[in-house]
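Undergrad: One structure is given below, represented as structure tokens, and several questions about it will come after.
Numbering (this note's numbering), first residue to last: 3 to 538.
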């Protein structure tokens, strides 16, 4: 019924039980992308939680309540945060996508398929080394690590191939988390199966002794990788708790990858509904910048409006309030934290896009605190709406939905990219650092300079940048809250992701394999009488 409401026939559905399905790519054939795209972003996240996914779901519910045709296009959750600090990622309260437990766990197996395809390539590379190394791969210059969809700090740096001649070639390597996999990004940025194959073929896995490139195509691994991904490339159809269609597909993190759901799902939503609501991970400076400069440029997408999610609780923290005092009314702390909100509004306008501010209301927020934010938005000239979707579902999202409809561009004007892909890497990095973070300058380590030299030698300088940095601050220092000014950011390495089609500057102490917190969510999860309990 949900698929039929989008105009998708039963012939294009691959059912996974009664409550989820894969959609064949052929379902979009011949349909124009006539919908308007809404991007939901957020201020710099804090441990208090901003509720960006909850707001995205609630906005779609609100649009449906006021008679609009709407479809969500969201990311799939990773098991890492599900069992780690954050918990599940299917929304909250009365604004959730269902079946929530399945979505937060194995879902339709996409993450497992991506992990398997990634690790197959790693296994074929190590097998090539063991079987005579016809490609003359330098074991000291293997670039391709393995992945697992779990927070496991002990796997960041490992040695493999120990035990003797029959156990392979010993070398140092490590694991990243699956949302950081280049295979994940290749799938999310691919237009179709042919494009996915091209992206996988050009993945650079190692260098030769002569410092030439070795690709996945050279290892003859691409066909098998495609086989593993044959179902994962199809977007997943589920629904909100009140029946609004939702396409969940792909799950790259925005602090270590590009943070956006798949191009295929986004275009599927635009082809089947008048409004497509999508989100970009973490703050606007991370996921949304990449949404525009990578996803929109490569896929020819544009937004009609950008919704910026803020909370009184987060603004208090940015204003210097203590974590244990967030439930205490403190309009002054909210006022002091408004610099972070203002910076993100400025950043949205840098892309020539109209912002709408959504205040995700918590039960402890006072009218006086909310009024502080409302007045600030009036000064900024940004439309403002209180979102109460957690408590009231679609009814609590009507005000935000009406603001979005009122202020969305009727004919979307082209957004303004922050940089041209053809510019030098350092120029692109400086533009991002100054416009998005407010940094004074960018410094480059010796290792980063060596990485850039290799990138130039191979002709990859024309790729866009997917910056990996802390999500907790506009800077690369997680302790600098609010709106830091007059600071420097440091690039310690630049990772080539030729298959994905971008370069990854690593800023500060960012790592691509998270660790579990002292008290992980996994300790709270259990199966009781056949039901999952403790899923946050």
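A virtual CB, placed ideally from N, CA and C, is assigned to each residue, including glycine.
#1: Check whether the Cβ atoms of residue 296 and residue 468 lie closer than 8 Å to each other.
#2: In the structure shown, what three-state DSSP assignment does residue 364 receive?
#3: Take the Cβ of residue 160 as the centre, count every other Cβ of all protein chains shown within 10 Å, and call the residue buried at 16 or more, exposed below.
#4: Report the option in 290, 408, 327 and 21 whose CA atom is closest to the CA atom of residue 347.
#5: I'd like the span of the alpha helix (DSSP H) that includes residue 508, first residue to last.
#6: Apart from the five residues on each side of it in sequence, which residues of its chain come closer than 6 Å, Cβ to Cβ, to residue 232?
#7: Would you tell me roughly how many angstroms separate the C-alpha atoms of residue 292 and residue 168, rounded to the nearest one?
#8: Would you check if the distance between the CB atom of residue 53 and the CB atom of residue 392 is smaller than 8 Å?
#9: Please report the distance separating the alpha-carbon of residue 92 from that of residue 537.
#10: Determine contact between the stretch 312 to 319 and the stretch 26 to 43, defined as no fewer than three beta-carbon pairs at a distance below 8 Å.
#11: Grouping DSSP H, G and I as helix and E and B as strand, with all else coil, what is residue 174?
#12: If you drop the 5 nearest sequence neighbours on each side, which residues of the same chain put their C-beta closer than 8 Å to that of residue 122?
#13: Residue 213 to residue 432, Cα distance in whole Å?
#14: I need the boundaries of the alpha helix (DSSP H) containing residue 24, first residue and last residue.
#15: Going by alpha carbons, who is nearest to residue 479 out of 452, 510, 502 and 61?
#16: Are the stretch 102 to 113 and the stretch 16 to 24 touching by the rule of at least three beta carbon pairs closer than 8 Å?
#17: Measuring straight from C-alpha to C-alpha, what distance separates residue 308 and residue 299?
#18: Looking only at its chain, what residues have a beta carbon closer than 8 Å to the beta carbon of residue 152, apart from the 5 residues adjacent to it on each side?
#19: Which parts of the stretch 44 to 107 are runs of the alpha helix (DSSP H), unbroken and 4 residues or longer, counting only runs that do not cross its ends?
#20: What runs of the beta strand (DSSP E), each 3 residues or longer, lie entirely inside the stretch 245 to 270?
#21: Does DSSP classify residue 523 as helix, strand or coil?
#22: Does the pairing of the stretch 455 to 464 with the stretch 476 to 491 give three or more beta-carbon distances under 8 Å?
#23: Less than 6 Å between C-beta atoms, sequence neighbours within five positions excluded: which residues of the same chain meet that for residue 174?
#24: For the beta strand (DSSP E) containing residue 143, list its first residue and its last residue.
#25: Report yes if the C-beta distance between residue 251 and residue 237 is below 8 Å; otherwise report no.
#26: Under the DSSP definition of a beta bridge, which residues are partnered with residue 241?
#27: Is it buried or exposed, residue 415, if we count other Cβ atoms within 10 angstroms and call 16 or more buried?
#28: For residue 68, collect the residues of the same chain with a Cβ closer than 8 Å to its Cβ; drop the 5 residues on either side in sequence, then sort them by chain order.
#29: Hey, residue 144 and residue 130 are a contact pair by Cβ (cut 8 Å); roughly how many whole angstroms apart?
#30: Going by beta-carbon coordinates alone, are residue 77 and residue 515 separated by less than 8 Å?
#31: Determine the direct distance from the alpha carbon of residue 476 to that of residue 48, and round the result to whole angstroms.
#32: Rounded to a whole number of angstroms, what is the C-alpha to C-alpha distance between residue 342 and residue 436?
#33: Among 365, 221, 255 and 359, which one has its Cα closest to the Cα of residue 375?
#34: Please state if the CB of residue 245 and the CB of residue 444 are separated by a distance shorter than 8 Å.
#35: Going along the chain, which residues of its own chain have a beta-carbon closer than 6 Å to the beta-carbon of residue 544, five neighbours each way excluded?
#36: Output needed for residue 2: all residues of its chain with C-beta closer than 7 Å, excluding positions within five of it in sequence on either side, in chain order.
TA: According to the structure shown:
#1: yes
#2: coil
#3: exposed
#4: 290
#5: No alpha helix (DSSP H) contains residue 508, which is instead part of the beta strand (DSSP E) from 504 to 509.
#6: none
#7: 44 Å
#8: yes
#9: 10 Å
#10: no
#11: strand
#12: 223, 226, 227 and 230
#13: 29 Å
#14: Run containing residue 24: none in the alpha helix (DSSP H); it sits in the beta strand (DSSP E), 23 to 25.
#15: 510
#16: yes
#17: 16 Å
#18: 81, 82, 85 and 179
#19: 54 to 67, 81 to 85 and 102 to 106
#20: 247 to 250
#21: helix
#22: no
#23: 161
#24: 139 to 144
#25: yes
#26: 100 and 247
#27: exposed
#28: 400, 403, 404 and 407
#29: Wrong, their Cβ atoms sit about 11 Å apart, outside the cutoff.
#30: no
#31: 12 Å
#32: 15 Å
#33: 359
#34: no
#35: Residue 544 is absent from the model: the chain starts at 3 and stops at 538.
#36: Any property of residue 2 remains undetermined from this structure, which presents the chain solely from 3 to 538.
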